[in-house]
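Written as structure tokens, this is what we have:
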């Protein structure tokens, strides 16, 4: 016969939060491998086909279709990565290494990552730093945040326009801004758009792609780096996205 203490121990429910945490961890592991691995293969092989690396494909439609597959794979991979980032950040498992360092190279990396999309829309990315600017940040985290903000400005702003990226060093803070002259938003909608899967009005949704995760990732990542994310906008007056980091 089992003792009462043994029965009580065996019958005790799991600690609240343990099961959900385990389930979320398992989800992250599975999604990281089972989704990203085949997506990377799809993107890689479609790049080979669209680039006709081993010779002509034949009918010109094949090259066009391979490029569509490549772009679709990249968009889906971006969505998966954003969703996984949000789960990790909300769980406090951000994996960031925040340290005092020059932010200019990371902004340059983000601009380079968005350069092709900017060229397709005839958009000029104007960034003219006056020298190194030190702030407390994580290299990957800051590059990701800036790429999200620049990509949004490219997608939602007008074609053949200019996007202004600037840095201002204040006492104790470094402010990085991305400003566009697009249609802008109702200021009352900004807090809603910080939530996952929220998107702008009908006109903006029709004109751009995305699942509404970018601002959520930027907000959570910036807070994990000890900073804050702010947006200034109004209908017809464009949008200014602002990252405010500790000066280090």
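In the UniProt record's numbering, the protein residues as written are 1 to 248. Ideal Cβ positions, reconstructed from N, Cα and C, are used throughout, including at glycine. As the structure is a computational prediction, the values presented were derived from the model and not from experiment.
Identified DSSP bridge partners for residue i
i, result
"residue 135", "101"
"residue 258", "There is simply no residue 258 to check, as the chain begins at 1 and stops at 248 in what is shown."
"residue 26", "Bridge partners of residue 26: none, in fact."
"residue 230", "242"
"residue 124", "162"
Close-in-space but distant-in-sequence residues of the same chain around residue i (CB under 7 Å, 5 per side omitted)
i, result
"residue 238", "179, 180, 181, 182, 184"
"residue 132", "102, 104"
"residue 109", "143"
"residue 234", "184, 187"
"residue 46", "66, 69, 70, 73"
"residue 36", "77, 80"
"residue 145", "218, 221, 222, 243"
Cβ-Cβ separation, residue j to residue i (assumed contact under 8 Å), whole Å
i, j, result
"residue 174", "residue 231", "Not quite, the Cβ-Cβ distance comes to about 18 Å (not below 8 Å), so this is no contact."
"residue 123", "residue 161", "6 Å"
"residue 222", "residue 243", "6 Å"
"residue 213", "residue 86", "7 Å"
"residue 149", "residue 241", "5 Å"
"residue 73", "residue 43", "4 Å"
"residue 247", "residue 134", "7 Å"
"residue 226", "residue 98", "6 Å"
"residue 121", "residue 159", "5 Å"
Classification of residue i by the beta-carbon crowding that lies within 10 angstroms, buried from 16 upward
i, result
"residue 141", "buried"
"residue 138", "buried"
"residue 218", "buried"
"residue 88", "buried"
"residue 153", "buried"
"residue 61", "exposed"
"residue 147", "buried"
"residue 220", "buried"
"residue 245", "buried"
Neighbourhood of residue i by C-beta, 6 Å cutoff - its chain only, sequence neighbours within 5 removed
i, result
"residue 50", "63, 66, 67, 70"
"residue 125", "111, 118, 163"
"residue 208", "Since pLDDT at residue 208 reaches only 47, below the 50 mark, its modelled position is unreliable, and no value is offered."
"residue 165", "127, 178"
"residue 59", "none"
"residue 38", "none"
"residue 151", "114"
"residue 176", "167, 243"
"residue 52", "none"
"residue 57", "63"
"residue 236", "184"
Neighbourhood of residue i by C-beta, 8 Å cutoff - its chain only, sequence neighbours within 5 removed
i, result
"residue 32", "84"
"residue 90", "220"
"residue 172", "246, 247"
Any C-beta of chain D under 8 Å from that of residue i
i, result
"residue 153", "Included in the structure is just one protein chain, with no chain D present."
Which runs of the alpha helix (DSSP H) fall wholly inside the stretch 29–95 and span at least 4 residues, in chain order?
36–50, 60–90
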